[in-house]
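Heads up, the thing below is written out as structure tokens.
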Amino acid sequence: MDELEKIKDPWFYFNPGTGFYHIPRSWIDDLDVPFSGITGYIKRLEQGEKIERDKEKIQNEAERLRKGYYKLLRTDEEKKVFTEKLSLAKTVFPYVEEHNFYIEHWHHTIFWNK
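So the sequence shown is numbered by numbering that gives the first Met the number 0: it starts at 0 and just counts up by one.
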């Protein structure tokens, strides 16, 4: 339990919702969500199931979708814009995710608990 206490801040300032509202509660306030997830993973592991995400499969599916949408584009200009926008989305995605954690979840948990 000492190790859990060491890692809870800031990573447990997260809730299963958007982070904008005081309901649902964050993990730091209610450990039911993360603990139920952990017990589910343990059960799956005990049954011999692999719980790791198949990153190669996910990347292949993303590429398949990209190619499919790209084929729908008619002009070189549309293809150029699509490629640029996709590249931009891949660049900014980590920043959007970090903002979501640090502002919507961490900050709002502290705010709602005041």
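Note that beta-carbon positions come from the ideal geometry of N, C-alpha and C, so glycine has one too.
In this chain, the alpha helix (DSSP H) harbouring H98 covers D75 to H98.
Residue state for N14 is assigned as coil, using DSSP reduced to three classes.
Each residue's CA atom was taken as its position, placing F11 and S25 some 7 Å apart.
With 16 or more other Cβ atoms inside 10 Å of its own Cβ, I27 counts as buried. Boundaries of the alpha helix (DSSP H) harbouring E62: K54 to L71, taken from the DSSP string. Straight through space, the alpha carbons of I41 and E2 are spaced by roughly 19 Å.
In this structure the stretch 11-23 lies against the stretch 98-112, because at least three pairs of beta carbons, one per stretch, are closer than 8 Å. Around the beta-carbon of G67, fewer than 16 other beta-carbon atoms lie within 10 Å, marking it exposed.
Distance from the CA of K78 to the CA of Y20, rounded to the nearest whole angstrom, comes to 40 Å.
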